[in-house]
Structure formats: structure tokens, C-alpha cells
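Participant:
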Amino acid sequence: MVALLKGLSRAVVLFTLVLLTGCFQYDLDIQFDNQTHGQLVQHLHWAATLSPQQLQIWRDDWVSQVKAVGGQVRWVDATTVTVTVPFNNGAELEQRFNQLFGSAAGTTLTLPSGEAVTAALNLTQGNWIFAIHNHLVLSLDLSAIPTGKTVGAPILQGVELLSGHLKLTTPWGLNRRATGDGGGFRERLPERDQANQWPLHPGTVNQIEADFWVPSPIGIGAGAIALFVAMGYGLRDRLSPKVSPLDAGDHGH
Numbered sequence: 000m001v002a003l004l005k006g007l008s009r010a011v012v013l014f015t016l017v018l019l020t021g022c023f024q025y026d027l028d029i030q031f032d033n034q035t036h037g038q039l040v041q042h043l044h045w046a047a048t049l050s051p052q053q054l055q056i057w058r059d060d061w062v063s064q065v066k067a068v069g070g071q072v073r074w075v076d077a078t079t080v081t082v083t084v085p086f087n088n089g090a091e092l093e094q095r096f097n098q099l100f101g102s103a104a105g106t107t108l109t110l111p112s113g114e115a116v117t118a119a120l121n122l123t124q125g126n127w128i129f130a131i132h133n134h135l136v137l138s139l140d141l142s143a144i145p146t147g148k149t150v151g152a153p154i155l156q157g158v159e160l161l162s163g164h165l166k167l168t169t170p171w172g173l174n175r176r177a178t179g180d181g182g183g184f185r186e187r188l189p190e191r192d193q194a195n196q197w198p199l200h201p202g203t204v205n206q207i208e209a210d211f212w213v214p215s216p217i218g219i220g221a222g223a224i225a226l227f228v229a230m231g232y233g234l235r236d237r238l239s240p241k242v243s244p245l246d247a248g249d250h251g252h
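Its first residue numbered 0, the sequence shown is counted upward by one per residue in numbering that gives the first Met the number 0.
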């Protein structure tokens with residue numbers, strides 16, 4: 000009886016949380032434009048407005064963390080916010096992402112209702128002269144966000160407090176890999192037209208791994224210069240007059 004009452008009490012608390020805060024839509028898009036520019040874009044929307052005091056505290060904390068990594072916050076309306084964090088190279092993306100999500104700074108990013116969200120990103124790059132090969136591994140911990148499936152209460156079955164996607168926008172050759180479970184959610188590879196998106200799952204650690212290419216303007220420019228120089232030498236050799244051995248002998252007398 001005591002266990003039943005505890006379980007019912009927990010279900011009521013979570014159901015009340017759903018009614019008070021509503022469900023969250025969270026989308027994270029990592030965009031690579033070229034070798035020297037990209038941006039991290041987050042879209043967050045929640046269904047119900049918090050109290051003015053709660054919202055102000057969260058907004059101040061959110062803005063402070065975003066500005067610390069050179070980002071900007073744009074409020075679309077009272078329940079929708081877009082965060083943009085630019086980066087100039089892969090190393091800067093890794094540093095700013097990990098600082099924003101707490102793995103570098105020792106703090107955590109929180110949703111408006113108070114749940115902590117932590118993440119870690121590792122990016123390994125290889126320079127192939129004309130393009131940069133990137134191997135990205137990202138872990139997004141949504142364990143603190145409850146899900147109706149973990150409660151066992153029929154009234155909460157199928158209720159998700161958070162939905163959304165993680166997206167990679169890359170210029171060339173995105174190839175996503177199947178991730179090991181590692182205590183988190185192991186996802187099957189999707190159809191080709193959605194290969195750059197991963198659905199987010201609350202109550203667990205979401206893990207992704209992918210390879211892609213980014214063009215290198217410096218390498219392409221250097222290659223173009225080398226090609227023009229080689230063509231110039233070849234054209235000069237073709238146009239320059241050829242001296243025969245007899246002509247050379249005549250000049251010798």
C-alpha cells in the first residue's frame with residue numbers, strides 16, 4: 000500500500016508538471032558553411048508560460064551563458080527563443096559547444112522548467128588540401144527530463160516532456176554511423192533524405208557519430224594558383240622559339 004501511494008504521488012507530481020510547464024520542442028542544428036565559418040543554432044519552444052519570476056531568472060542565466068561563448072539570443076515570443084553561436088573553425092566549435100553545455104565549464108544548461116541538459120562534442124579533423132575531413136561524436140544527456148514510459152502510470156503513458164531533433168548541416172558527403180549503446184539510445188540509420196537529422200529522446204543519453212567534408216578555400220586557392228603557374232610554364236615552353244643544333248653551330252662561328 001505504501002509503495003502504491005508513493006507511485007501514485009509521483010505520477011500526480013509529474014502529471015502536474017506537464018500541466019504547468021507544457022511540453023518542450025528543442026532543436027539543435029550544427030551548420031558548417033565552409034572551413035572558416037559555421038554556426039550552432041538552437042530553437043526552443045515550450046507550450047505554457049512560466050511565472051514571470053521563473054522566466055526572468057531562466058532568461059538571465061541563459062543569456063549570460065550564451066554571451067560567454069560569443070552567441071546571440073533572439074526571443075521570437077514569450078515562449079519561443081532562438082540561440083545562435085558562431086564559430087570560425089572546428090576547434091572553436093568544440094570549445095564553445097562544450098563550454099555552453101557544461102562539459103568544459105563545470106556548469107549545466109537548464110530548460111525553463113529546471114531540468115539540466117549536458118552535452119559533449121568531440122571533433123577530429125584531417126586536412127586533405129582541397130577539403131577538410133571531419134569526424135564528429137556528440138553525446139546529449141537528456142536523462143534529467145522525465146518520460147511517461149519510466150513512471151508506469153497509465154495516465155502518463157505516451158506523454159513526452161521533450162521532442163525535437165539534432166541536425167547536421169554540411170556542404171559535402173555526410174555519412175552517419177551507427178553508435179554503440181554505451182548506456183544510451185542506439186538509433187537505426189534513417190532513410191537517405193533524413194540522414195542529417197537525429198530525433199531526440201528524453202530520459203536517456205542521445206549519442207550520434209558522423210563523418211563529413213568541408214571545402215577548404217585556402218587549399219582550393221593554392222591548387223588553382225599552382226595550376227595556373229604550371230599552365231603558364233607549359234604555354235611559355237610551347238611559344239618560345241626552338242633552336243636547332245645547326246643554328247646553334249652557325250652562331251658559334
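C-beta: ideal position from N, C-alpha, C; glycine also.
(1) Quick one: residues in its chain with C-beta nearer than 6 Å to the C-beta of Val80, no 5 flanking neighbours on either side, listed in chain order?
(2) Could you say if the region 24-31 and the region 56-68 meet the contact criterion of at least three C-beta pairs nearer than 8 Å?
(3) Check the C-beta distance from Leu92 over to Phe100 and give it rounded, since I have them as a contact under 8 Å.
(4) What's the C-alpha gap between Ile144 and Gly163?
(5) Out of Val68, Gly69, Gly202, Glu208, state which residue places its alpha-carbon closest to the alpha-carbon of Leu122.
(6) Just how far apart, CA to CA, sit His132 and Val213?
(7) Please report the straight-line C-alpha distance between Trp127 and Asp76, rounded to a whole angstrom.
(8) Taking Cβ positions, are Thr169 and Phe211 nearer each other than 7 Å?
(9) Helix, strand or coil: how does DSSP classify Thr68 here?
(10) Within 10 angstroms of the Cβ of Gly70, are there 16 or more other Cβ atoms? Answer buried if so, exposed if not.
(11) Could you tell me which whole beta strand (DSSP E) segments of length 3 or greater appear in the region 18-64?
(12) Beta carbon of Gly89, beta carbon of Gln124: below 7 Å?
(13) Helix or strand or just coil, what does DSSP make of Phe129?
(14) With a 10 Å radius around its C-beta and 16 neighbouring C-beta atoms as the bar for buried, classify Pro201 as buried or exposed.
(15) Which residue wins for smallest C-alpha separation from Val84, given the options His36, Ala118, Asp140, Leu199?
(16) Could you tell me which of Leu238, Arg175, Leu139 sits nearest to Thr203, measuring between CA atoms?
(17) The beta strand (DSSP E) with Leu167 in it runs from where to where?
(18) Give the range of the alpha helix (DSSP H) segment to which Leu92 is assigned.
(19) Quick one: Cα of Leu199 to Cα of Leu173, how far?
(20) By a C-beta neighbour count over all protein chains shown, 10 Å radius and 16 as the cutoff for buried, is Leu238 buried or exposed?
(21) Can you tell me whether DSSP reads Leu135 as helix, strand or coil?
(22) Go to Gly202, then tell me how far its beta strand (DSSP E) extends in each direction, as first and last residue.
(23) Where does Leu141 sit, in a helix, a strand or coil, going by DSSP?
(24) Can you name, in chain order, every residue of its own chain whose Cβ lies under 6 Å from the Cβ of Val65, other than the five neighbours on each side?
Facilitator: Quick answer:
(1) Leu43, Trp74
(2) no
(3) About 12 Å; that fails the 8 Å criterion.
(4) 13 Å
(5) Glu208
(6) 7 Å
(7) 44 Å
(8) yes
(9) Reading off the sequence, residue 68 comes out as Val, not Thr. Reduced to three states, the DSSP call for Val68 is coil.
(10) buried
(11) 23-33, 36-45
(12) yes
(13) coil
(14) buried
(15) His36
(16) Leu139
(17) 161-168
(18) 89-99
(19) 19 Å
(20) exposed
(21) strand
(22) Careful: Gly202 lies outside any beta strand (DSSP E) and carries neither H nor E.
(23) coil
(24) Val72, Val82
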